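S.K.:
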């Protein structure tokens, strides 16, 4: 499921500002029915979790192996978006979170049937938790001091990232050249994802304490 | 969290056979405490979910966009593994699921402290559900017939897969050459993951019905 953070009231709000999480679904899906039936109160209580793995952390012993990752768990209340203006804004937000610029470069706006069959939930976040692990392995002292162990066992980080491959046109596609918004998305994502994985792999572990 | 399917009683069992799901955690983590307190009965009821995205499916309109993916949800009962033999087997199973051959190529076996601080859960699966989406976009007839739409909008699949990058040695690593088990893992995974994403992108959608 796609969840995208944003603020309809303050569209320029960034990750440092309070944001809502927007999710979408078919009008008669279980989640959307539940949300509709809990309208009136503060909304449907929801937990949203997401994780990205940035690398495999290989230490001297399996019991100190780890992952580099970024993870978040959000707790909030979901309300069905009723205003057409906010719904339109949120559908664009969600579409462009998959491929930047896709909303402008596909058949929009939605017609009446599409609008009424799609429900958007605005999840107001009340609390959350985030955890990031980056850097090389942490070793147990009992292993780090043993010559026969450290001389034989490779330790380090195997970087992991999501690659966007060369797009495959559909059988019915009639546009010969790959559009710029997809080309730019592919190159931007690959560059950003690879850099993120290596940045995590090269970080100092444990993180130095702030002075 | 790592979950790995396997059968201790029939180690040669494959994906077509009944398998248990093995997960591990720190002895005093909430999950493991709960599992221990529900020993005696059929175990701790658990739901395990996993998804892999294989591609972004771009259609004429955002309302027909989709993902290629493979997902599974398992329902079962978790029991703490008590026998040393099964525990040793499961720790190797889980370690090698991250990087094939890592158990043999790191400092093993575990010592007493490591064994007692690690709990393994064997989850007996009682039911489950799997869903796979592959192939190109499915278009709404109202769009597929419009010249001004199909002549302008690129449709197809953007393949997505997990890439394993060149391993980064830790500051304390003393093994100059990258070991063969890591090299082979990297090359095997990259080849397999890329092929999977393109195989999904090139599949026929909707899937032809069996005769």
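Protein chains in written order, with my numbering: chain Z, 4 to 214; chain W, 4 to 214. Think of the CB as a built atom: it goes at the ideal place given N, C-alpha and C, for glycine as much as any other residue. Since the model is a prediction, treat every value here as computed from it, not as a measurement.
(1) Does the CB of residue 166(Z) have a neighbour CB from chain W at under 8 Å?
(2) Please go through the same chain and pick out, in chain order, the residues whose beta-carbon is closer than 8 Å to the beta-carbon of residue 188(W), but skip the five residues on each side of it.
(3) Residues bridged to residue 218(Z) by DSSP?
(4) For residue 132(Z), which residues from the same chain have a beta carbon less than 6 Å from its beta carbon, with the 5 sequence-adjacent residues on both sides left out?
(5) Return no unless some Cβ of chain Z is closer than 8 Å to the Cβ of residue 68(W).
(6) List the residues of chain Z that residue 146(W) touches, going by C-beta distances under 8 Å, in chain order.
(7) Between which residues of its own chain and residue 108(Z) is the CB-CB distance below 7 Å, once the five residues before and five after are set aside?
(8) Note down, in chain order, each residue of its chain lying with its Cβ closer than 8 Å to the Cβ of residue 129(Z), except the 5 sequence neighbours on either side.
(9) Is there a C-beta anywhere in chain W that falls below 8 Å from the one on residue 121(Z)?
(10) For a contact defined as C-beta to C-beta under 7 Å, what are the partners of residue 174(W) on chain Z?
(11) Among 210(W), 37(W) and 63(W), which one has its Cα closest to the Cα of residue 149(W)?
(12) Count the other CB atoms, across all protein chains shown, that sit within 10 Å of the CB of residue 134(W); report buried if there are 16 or more and exposed otherwise.
(13) State whether the segment 80 to 97 of chain Z contacts the segment 114 to 127 of chain Z, with contact taken as three or more CB pairs (one from each stretch) at a distance under 8 Å.
(14) List the residues of chain Z that residue 197(W) touches, going by C-beta distances under 9 Å, in chain order.
(15) Which runs of the alpha helix (DSSP H), 4 residues or longer, sit entirely within the segment 87 to 124 of chain Z?
(16) Are any of the Cβ atoms in chain Z nearer than 8 Å to that of residue 156(W)?
(17) Between residue 106(W) and chain Z, is any beta-carbon pair separated by less than 8 Å?
M.R.: In short, the structure shows the following:
(1) yes
(2) 102, 103, 104 and 167
(3) Residue numbering for chain Z in the displayed model covers 4 to 214; residue 218(Z) lies beyond these limits and cannot be assessed.
(4) 76
(5) yes
(6) 110
(7) 182 and 184
(8) 78, 79 and 80
(9) yes
(10) 139
(11) 63(W)
(12) exposed
(13) yes
(14) 166 and 168
(15) 87 to 101 and 115 to 120
(16) yes
(17) yes
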